[in-house]
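Colleague: Going down the list, the sequences are from chains A and B.
The opening residue of the first sequence carries number 85 in this note's numbering; numbering runs sequentially from there.
The opening residue of the second sequence carries number 343 in this note's numbering; numbering runs sequentially from there.
Virtual Cβ for every residue (Gly too), placed ideally from N, Cα, C.
This is the structure, below, for whatever I ask next.
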Amino acid sequence: MENQIVAKIPTNISLELQQFSCLPDEIIIEILLRLPVKSLLKLRCVSKSLFFLLSSSQFMKSQINFCVKECKDVNFRLVVAVGKMCNIYSLGLKFGEVDFPLKHPFGSCKFLGSCNGLICLTPMSFKLMLWNPCTGKYKEFQDSYVQSVGSCYIRYGFGYDVVNDDFKVVKIFSFAIDEVKYENVVKIYSLRGDSWKIGEGFVSGYMNAQSGVFVNGFLHWEVSDCRGSGDCSEIMTLDLATETYGVMGFPNCEKGNVSWGLSVVGGNLVACCNYYPNRTDMWVMKEYGVEKSWTKLVSLLSPFGRMGYISPLFVSENGDEILVKLGTDISLYETRNASYKSLEIHSAGYRLQVQAITYIESLASPHVGDDW
Amino acid sequence: MVKLKSNDDKEFEVEEAAVIQSEMIKNMIEDGCATSVIPLPNIDSKTLIKVIEYLNKHINMGKAAETGEEDDLKEFDEQFVNMGWEELFDVIMAANYLNIHELMELCCQSAADRLKNKSVRAVREMLKITNDLTEEEEQEIINDAPWAFEGPEIDDTVN
């Protein structure tokens, strides 16, 4: 790399001052990577060379890797859909400020997962969508089904396969075998192939959450062998590159009426242990795949003494603030004084169905081969 | 002490503890190639003085946290990047060549912060970039993401 740079510098430049356009591409890229997506979209209009550089799939990939690695609060956004209204909020510095309201392009939707700046959602029956709220690009495709006689539970998962540079949607159809065992039929959508295929199936306990959680190339679902008790829960994992399954353990919890929930914050897997009626312990897996690295982050009580289970949406870099969803409420919990600040989302006072998900701002494109 | 020579033939003595923040020179020292003067054919004396100033200040970076000098360093960094574009690019090129990670990070972030909220016109002027897009092409790019060109933060001043 050094040689390359040396070669690009004319020998007489040293005594003259450097110009932007004379900088080697890799230096220009180093600077551009540190800009927010909005600025990058704007800079495409400066000149042809910046347009081509910023539109290249190579830059897009570097930008995704950079922001995912840096994981800065200011790059995160929260999308909240209440009924047909959909707003995007800043996290970090200007918490709770509406960044931009969206004319909801999808009607009432359901969020299925978020990964590298793309959100997977169902805008309507029989359709799925990958959406980058930051660039506004989206792609719609057909959902997939299996022919069956009995009824089944449906679970989804959305993540990125780094080996094949491919976004994948996983759909699991869980058919009950008996009280505690389920036979799972798996279908996997590849964005690169724009098609569904049948994946390897598996037998498991009851899969709790509707959507899997993506961390470190794997999707995660909490699975319980005895419904309604956290004692015999474990984490089912799916490696998106090899499409193989594995199992991980939850941290040790107190005995009693507990249920587990999973989430991801700052690139780490988070497990929430909900104790009946209103306490939640939040654990973070500091080193991926190492069960001994489960570390208790915080223990919190539901706000307003309400019963219900808390699921974390976001934890700030310094760990001082935790954004949680409880039923139809979204609140910011401050660890220092153990207080909650509610996000004003119910404008008309209606307690409608609330969908919330966080994403990181990136140039990720929902179209393959399309340079953003 | 390690001796560095700029491309305008000026020699500088730097403490080894400071200069090994440069991965390139650290490797040279480890390989035993730094016994005499190290010539730096890509760096002029003006830029090298800036880089050495940074290296000397950031010596024993790890200890700063213990001794409470973090704020002092932060203030130094803020002052340090307070320079013109061309000078900043010179330091970036030098930091890249010498492989000084922290300095590279500091200067690239400073460049990015300066550009962040600037209007397209201001960016062109600041960086001396000629617009070679046609009006139609420009309009097409704007139509692709109109919100990126709007907002109260957008700053049309040149500095």
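Does DSSP put residue 486(B) in a helix, in a strand, or in coil?
Modeller: As a first step, residue 486(B) is located in the second sequence; it is residue number 144 there, counting from the start. Correct three-state label for residue 486(B): helix.
Colleague: Mapping DSSP to helix, strand and coil, what is residue 498(B)?
Modeller: By 1-based counting over the second sequence, the position of residue 498(B) is 156. Here residue 498(B) sits in coil by DSSP.
Colleague: Taking 8 angstroms as the CB-CB limit, is residue 111(A) close to chain B?
Modeller: The sequence position of residue 111(A) within the first sequence is 27, counting from 1. It does; some Cβ of chain B falls within 8 angstroms.
Colleague: Thinking C-beta only, is residue 206(A) closer than 8 angstroms to residue 218(A)?
Modeller: What you label residue 218(A) is simply residue 134 of the first sequence in a count that begins at 1. What you label residue 206(A) is simply residue 122 of the first sequence in a count that begins at 1. Against a cut-off of 8 angstroms, the Cβ pair of residue 206(A) and residue 218(A) comes out as no contact.
Colleague: Between the alpha carbons of residue 95(A) and residue 281(A), how many angstroms are there, rounded?
Modeller: The sequence position of residue 95(A) within the first sequence is 11, counting from 1. The sequence position of residue 281(A) within the first sequence is 197, counting from 1. The predicted position of residue 95(A) is uncertain, since its pLDDT is 44 and thus under 50; no value can be drawn from it.
Colleague: Give me the subset of the region 350-373 of chain B whose CB atoms are less than 9 angstroms from a CB atom of chain A, sorted by chain position.
Modeller: 350, 366
Colleague: Considering residue 146(A), what are the terminal residues of the beta strand (DSSP E) in which it resides?
Modeller: In the first sequence, counting from the first residue as 1, residue 146(A) sits at position 62. From DSSP, residue 146(A) is part of no beta strand (DSSP E) but of the alpha helix (DSSP H) over 141-154.
Colleague: Skipping 5 residues on each side, what residues in its chain have a beta carbon closer than 7 angstroms to that of residue 383(B)?
Modeller: Start at 1 with the first residue of the second sequence, and residue 383(B) comes out as number 41. Correct list, in chain order: 349.
Colleague: Give the residues of chain A in contact with residue 470(B), contact being defined as C-beta atoms less than 8 angstroms apart.
Modeller: As a first step, residue 470(B) must be located in the second sequence, where it is residue number 128. Residues of chain A passing the Cβ test: 103, 104, 105.
Colleague: Between which residues of its own chain and residue 459(B) is the CB-CB distance below 8 angstroms, once the five residues before and five after are set aside?
Modeller: As a first step, residue 459(B) is located in the second sequence; it is residue number 117 there, counting from the start. Correct list, in chain order: 495, 496, 497.
Colleague: Under 8 angstroms, with one C-beta from each stretch per pair, do the region 400-411 of chain A and the region 130-139 of chain A reach the 3-pair mark?
Modeller: no
Colleague: Taking contact to mean 3 or more Cβ pairs, one atom from each stretch, closer than 8 angstroms, check whether the region 361-368 of chain B and the region 221-230 of chain A are in contact.
Modeller: Contact fails between the region 361-368 of chain B and the region 221-230 of chain A, because fewer than three Cβ pairs, one in each stretch, are under 8 angstroms apart.
Colleague: Per DSSP, what are the beta-bridge partners of residue 358(A) in this structure?
Modeller: Reading the first sequence from its first residue, position 274 is the one you call residue 358(A). Beta-bridge pairing links residue 358(A) to 343(A), 364(A).
Colleague: To which residues of the same chain is residue 283(A) closer than 6 angstroms at the C-beta, ignoring the five residues directly before and after it?
Modeller: One-based indexing of the first sequence puts residue 283(A) at position 199. Answer for residue 283(A): 270, 272, 327, listed in chain order.
Colleague: Buried or exposed for residue 417(A), going by 16 or more other Cβ atoms inside 10 Å?
Modeller: As a first step, residue 417(A) is located in the first sequence; it is residue number 333 there, counting from the start. Classification for residue 417(A): buried.
Colleague: On a Cα-Cα basis, can you pick out the residue from 203(A), 105(A), 165(A) that is closest to residue 243(A)?
Modeller: Taking the first sequence and counting its residues from 1, one reaches residue 243(A) at position 159. The residue with the shortest Cα to Cα distance from residue 243(A) is 203(A).
Colleague: For residue 399(A) and residue 346(B), what's the separation of their Cα atoms in angstroms?
Modeller: Here the question's residue 399(A) lines up with position 315 in the first sequence. Here the question's residue 346(B) lines up with position 4 in the second sequence. Residue 399(A) and residue 346(B): Cα-Cα distance of roughly 46 angstroms.
Colleague: Indicate the three-state DSSP secondary structure (helix, strand or coil) for residue 429(B) in the structure shown.
Modeller: In the second sequence, the residue the question calls residue 429(B) occupies position 87. Of the three classes helix, strand and coil, the one that applies to residue 429(B) here is helix, per DSSP.
Colleague: Please list the residues of the region 289-304 of chain A that have a C-beta atom closer than 8 angstroms to any C-beta atom in chain B, keeping them in chain order.
Modeller: For the region 289-304 of chain A, the set of residues with a beta-carbon nearer than 8 angstroms to any beta-carbon of chain B is empty.
Colleague: So which of 354(A), 195(A), 150(A) has the shortest CA-CA distance to residue 447(B)?
Modeller: Position 105 of the second sequence, counted from the first residue, corresponds to residue 447(B). When each option's Cα is compared against that of residue 447(B), the closest is 150(A).
Colleague: Which residues mark the beginning and the end of the alpha helix (DSSP H) in which residue 309(A) is found?
Modeller: Counting from 1 along the first sequence, the entry for residue 309(A) is found at position 225. Looking at the DSSP string, residue 309(A) is not in any alpha helix (DSSP H), and its letter there is neither H nor E.
Colleague: Which residues mark the beginning and the end of the alpha helix (DSSP H) in which residue 121(A) is found?
Modeller: Counting from 1 along the first sequence, the entry for residue 121(A) is found at position 37. 121-127 is the span of the alpha helix (DSSP H), which, as asked, contains residue 121(A).
Colleague: So residue 220(A) contacts chain B; which residues on that side make the cut at Cβ distance below 9 angstroms?
Modeller: Indexing the first sequence from 1 puts residue 220(A) at position 136. The contacting residues are 486, 487, 489.
Colleague: Could you tell me which residues DSSP pairs with residue 439(A) in its beta bridges?
Modeller: Taking the first residue of the first sequence as 1, we reach residue 439(A) at position 355. DSSP output for residue 439(A) lists 165(A) as bridge partner(s).
Colleague: Which complete beta strand (DSSP E) runs does the region 192-273 of chain A hold, if anything under 3 residues is left out?
Modeller: 194-199, 202-206, 211-215, 222-226, 237-245, 250-260
Colleague: Let me make sure I understand the geometry here. Which of 276(A), 289(A), 216(A), 371(A) has the alpha-carbon closest to that of residue 317(A)?
Modeller: On the first sequence, residue 317(A) is found 233 positions in, with the first residue counted as 1. Ranking the options by Cα distance to residue 317(A), first place goes to 289(A).
Colleague: Between residue 353(B) and residue 343(B), is the Cβ-Cβ spacing less than 8 angstroms?
Modeller: The sequence position of residue 353(B) within the second sequence is 11, counting from 1. The sequence position of residue 343(B) within the second sequence is 1, counting from 1. Contact flag unset, no.
Colleague: Terminal residues of the continuous alpha helix (DSSP H) containing residue 452(B)?
Modeller: The residue labelled residue 452(B) in the question sits at position 110 within the second sequence. Its alpha helix (DSSP H) spans residues 443-457.
Colleague: Out of 220(A), 212(A), 251(A), 260(A), point me to the one whose CA is closest to residue 234(A)'s CA.
Modeller: Your numbering for residue 234(A) matches position 150 in the first sequence. The candidate whose alpha carbon is nearest that of residue 234(A) is 260(A).
Colleague: Classify residue 352(A) as helix, strand or coil using the three-state DSSP reduction.
Modeller: Working through the first sequence from its first residue, we reach residue 352(A) at position 268. Residue state, collapsed to three classes: strand.
Colleague: Does residue 217(A) get closer than 8 angstroms to chain B when you measure Cβ to Cβ?
Modeller: Mapped onto the first sequence, residue 217(A) falls at position 133. For residue 217(A), no CB of chain B lies under 8 angstroms from its own CB, so it is not counted at the interface with that chain.
Colleague: May I ask you to report which of helix, strand or coil DSSP gives residue 422(B)?
Modeller: As a first step, residue 422(B) is located in the second sequence; it is residue number 80 there, counting from the start. Three-state DSSP puts residue 422(B) in a helix.
Colleague: Between 334(A), 335(A), 348(A), 357(A), which lies nearest to residue 342(A) when the distance is taken from Cα to Cα?
Modeller: Here the question's residue 342(A) lines up with position 258 in the first sequence. Out of 334(A), 335(A), 348(A), 357(A), the CA that lies nearest to the CA of residue 342(A) is found in 357(A).
Colleague: Straight-line CA distance for residue 420(B) to residue 365(B)?
Modeller: For this step, residue 420(B) is matched to residue 78 along the second sequence. For this step, residue 365(B) is matched to residue 23 along the second sequence. So the alpha carbons of these two residues sit roughly 23 angstroms apart.
Colleague: Could you list which residues in chain B have their beta carbon closer than 7 angstroms to that of residue 115(A), in chain order?
Modeller: One-based indexing of the first sequence puts residue 115(A) at position 31. The contacting residues are 450, 453, 454.
Colleague: If I'm right that residue 444(A) touches residue 201(A) with Cβ under 8 angstroms, what's the distance once you round it to whole angstroms?
Modeller: By 1-based counting over the first sequence, the position of residue 444(A) is 360. By 1-based counting over the first sequence, the position of residue 201(A) is 117. With 8 angstroms as the limit, residue 444(A) and residue 201(A) qualify as a contact, their Cβ atoms being about 5 angstroms apart.
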